[in-house]
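One structure below.
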Amino acid sequence: MPALAPQSKLNPASPIQVSWRMSEKKTAANKAIQIERRRLLIDATMSAISEHGMSGLTLAKIAKEAGLSAGSVNFHFDSKESLLLETLNCVAKEFEHGIDLAIAQSEEDPAAKLLALMEASLDPSVTEPRKMAVWYAFSAEARSRKDYQRICGTQDQKILNLTHQFCREIIRKGEKDSQMNALAMANAVQGLVDEIWQEMLFAGDNYDRENSRYLYLSFLASVFPWCFAPPEQVGLRGTSLSTADKSLRIVVADESHIGEVAKLFDLYRQFYNEPSNLKLARRFIGNNVRQQRSTILLALDKEGGALGFAQLYPGWCSLAAAPLITLYDLYVDKEARQRGVARGLMAAAEKVAKKAKACRIDLETDTDNHQAQALYEKLGYERDTAFYKYSLALGD
0 MPALAPQSKL NPASPIQVSW RMSEKKTAAN KAIQIERRRL LIDATMSAIS EHGMSGLTLA
60 KIAKEAGLSA GSVNFHFDSK ESLLLETLNC VAKEFEHGID LAIAQSEEDP AAKLLALMEA
120 SLDPSVTEPR KMAVWYAFSA EARSRKDYQR ICGTQDQKIL NLTHQFCREI IRKGEKDSQM
180 NALAMANAVQ GLVDEIWQEM LFAGDNYDRE NSRYLYLSFL ASVFPWCFAP PEQVGLRGTS
240 LSTADKSLRI VVADESHIGE VAKLFDLYRQ FYNEPSNLKL ARRFIGNNVR QQRSTILLAL
300 DKEGGALGFA QLYPGWCSLA AAPLITLYDL YVDKEARQRG VARGLMAAAE KVAKKAKACR
360 IDLETDTDNH QAQALYEKLG YERDTAFYKY SLALGD
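For the sequence shown, numbering that gives the first Met the number 0 gives the first residue as 0, with consecutive numbering after it.
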């Protein structure tokens with residue numbers, strides 16, 4: 000007869016243990032809600048500053064923008080000033096993260112890093128009208144506020160130091176040390192960026208970003224011709240594409256497209272820090288196409304060159320008792336971004352979903368992928384704040 004286990008292991012959890020576990024889960028849930036409420040209030044503060052300015056800003060206006068009660072602001076922040084400071088920190092950190100990421104992902108070449116810095120500085124996710132209004136509002140207040148001055152000044156100095164470093168290396172590469180002053184050139188570069196920022200602020204959503212790109216590419220080519228080509232030589236890389244004039248075609252990928260989609264899929268996986276594995280990409284995409292496990296939309300230019308893809312998986316919604324579509328993958332080649340390719344793929348995905356009589360399209364994106372978030376929200380997608388997402392990793 001086997002020995003009995005110790006009595007303590009046979010007994011179910013005591014009421015105290017159960018209560019402690021329930022309390023722990025409740026605490027975690029409350030913490031998640033508080034984090035989300037703080038995020039909502041910071042986002043609402045940006046909107047309120049953009050609409051009313053710093054002088055007309057009140058906690059009541061912020062709370063109304065967030066859809067919360069005025070009292071809830073004081074629950075999550077000690078004061079209006081602490082909320083304003085956290086909002087400034089949030090904008091500054093997002094900008095800094097975007098700059099650091101762009102430079103880290105660029106080629107090991109000072110010209111490539113300088114261009115990456117400029118393009119990150121003018122990225123739509125950073126230079127959306129609200130955030131620019133916030134940055135200029137705090138910069139204007141910085142003269143009389145040391146805490147604002149510290150954040151704004153530190154950020155500006157870091158960007159200038161990076162620009163100075165890259166300009167110095169570019170000048171050395173062209174053997175122009177005796178003819179050009181790197182610090183003067185760095186100030187000229189940042190002066191151009193500041194000028195573009197001001198124009199964006201006043202023009203808002205109507206600003207012609209393609210024109211600004213032409214402007215800074217022309218400037219870089221004129222001062223560093225040994226590293227940058229004039230924008231005319233860049234060709235049509237920056238021009239917008241559209242299915243209306245057939246400069247952009249969206250097709251459902253078949254077996255003839257497996258190689259092209261696999262290359263893009265491999266780049267997509269690398270974007271999410273997976274190692275390059277073209278063999279795996281070809282096998283996975285090939286099986287999906289042949290077995291019709293997914294619908295793959297492929298974006299092509301006039302010459303048939305692959306620009307990007309979206310991969311849709313069919314599923315079902317039990318509550319709606321209807322099909323749903325999961326848009327799991329969306330990727331646009333680096334050279335084709337900001338040209339309407341992603342928007343074209345999203346429009347085609349919506350048509351596929353409607354044809355399948357799906358009740359909705361679900362998708363996910365990184366919390367720091369603000370550019371993608373802006374696109375999705377502009378297209379009518381709503382971010383889920385009511386449910387948590389859970390996953391159980393099952394290993395290889």
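For each residue, glycine too, the CB sits at the ideal point set by N, CA and C.
These numbers come from a predicted model, not from an experiment.
Tell me, which residues are paired with residue i by DSSP?
i      : result
Ile295 : Gln310
Arg268 : In the DSSP output, where bridge partners are listed per residue, Arg268 has none listed.
Ala115 : Answer is none; Ala115 lacks a bridge partner.
Pro321 : Here residue 321 turns out to be Ala, not Pro, going by the sequence shown. For Ala321, which the question treats as bridged, DSSP gives the partners Cys316.
Leu247 : Asp300
Ile360 : Ile324
Ala305 : Leu299
Val331 : Gly307
To which residues of the same chain is residue i closer than 7 Å at the C-beta, ignoring the five residues directly before and after it?
i      : result
Val331 : Leu306, Gly307, Val340, Ala341
Ser217 : Pro229, Pro230
Gln189 : Ile158, Leu159, Thr162
Leu56  : Ala47, Ile48
Tyr147 : Leu87, Phe137, Glu140, Ala141
Lys130 : Met45, Val90
Tyr206 : Glu198, Met199
Pro5   : Per-residue confidence for Pro5 stands at a pLDDT of 46, beneath the threshold of 50, marking its modelled position as unreliable; the derived number appears in the next sentence. For Pro5, where only same-chain residues beyond five positions count, there are no Cβ hits under 7 Å.
Ala371 : Thr364
Considering only residues of the same chain and omitting the five flanking positions on each side of residue i, which have a CB-CB separation below 8 Å?
i      : result
Ile102 : Lys112, Ala115, Leu116, Ala119, Leu161
Gly400 : Absent from the model: residue 400. The displayed extent of the chain is 0 to 395, so no value can be given.
Glu376 : Arg382
Leu39  : Ala65, Gly66, Leu67
Val233 : Because Val233 sits at a pLDDT of 39, beneath the cut-off of 50, its placement in the model cannot be relied upon, and the point is left open.
Ser317 : none
Asp328 : Phe264, Tyr267, Phe308, Ala309, Gln310
If you measure from the beta carbon of residue i to each beta carbon in chain D, is any gap under 7 Å?
i      : result
Cys151 : No chain D appears in the structure shown, which is made up of a single protein chain.
Please go through the same chain and pick out, in chain order, the residues whose beta-carbon is closer than 6 Å to the beta-carbon of residue i, but skip the five residues on each side of it.
i      : result
Ile398 : The chain is shown only over 0 to 395; residue 398 falls outside these bounds and no answer can be derived.
Leu182 : His163
Tyr389 : none
Gly173 : Trp225
Ser221 : none
Phe165 : Pro109, Lys112, Leu113
Leu219 : Phe227
Gly314 : Leu323, Thr325
Leu393 : none
Thr126 : Met199
Tyr312 : Ser293, Thr325, Tyr327
Ala355 : Pro322
For the putative contact between residue i and residue j, defined by C-beta atoms under 8 Å, what is the C-beta separation to the nearest angstrom?
i      : j      : result
Asp430 : Thr325 : Residue numbering for the chain in the displayed model covers 0 to 395; residue 430 lies beyond these limits and cannot be assessed.
Cys358 : Ala321 : 4 Å
Val192 : Val133 : Not confirmed; about 17 Å, so no contact.
Arg281 : Ala261 : 4 Å
Leu247 : Ser241 : 6 Å
Leu200 : Pro128 : 7 Å
Ala373 : Ser124 : 6 Å
Ile169 : Asp176 : Between Asp176 and Ile169 the Cβ distance is about 11 Å, and since that is not below 8 Å, they are no contact.
Lys301 : Lys245 : 7 Å
Using only the heavy atoms of the ligand GDP, determine whether one of them is closer than 6 Å to the beta carbon of residue i.
i      : result
Ala280 : Of the ligands one can find in the structure shown there are none, so the ligand GDP has no counterpart to examine.
### Query
Curious, which full-length alpha helix (DSSP H) runs of at least 4 residues does the segment 129-205 contain?
Those alpha helix (DSSP H) runs which fall completely within the segment 129-205 and span 4+ residues are 145-172, 181-202.
### Task
Assess, as a yes-or-no matter, whether the segment 59-66 is touched by the segment 36-47 under the definition of 3 or more beta carbon pairs within less than 8 Å.
Segments in contact, yes.
#### Entry: the segment 87-97 touching the segment 112-125, judged by at least three CB pairs closer than 8 Å
Touching, per the Cβ criterion.
### Message
Suppose only complete runs of 4+ residues qualify. What are the alpha helix (DSSP H) ranges in the segment 38-89, listed by chain order?
### Response
Listed in chain order, the complete alpha helix (DSSP H) runs (minimum 4 residues) inside the segment 38-89 are 58-65, 69-75.
#### Entry: Contact between the segment 285-295 and the segment 265-277 (3+ Cβ pairs under 8 Å)
Touching, no.
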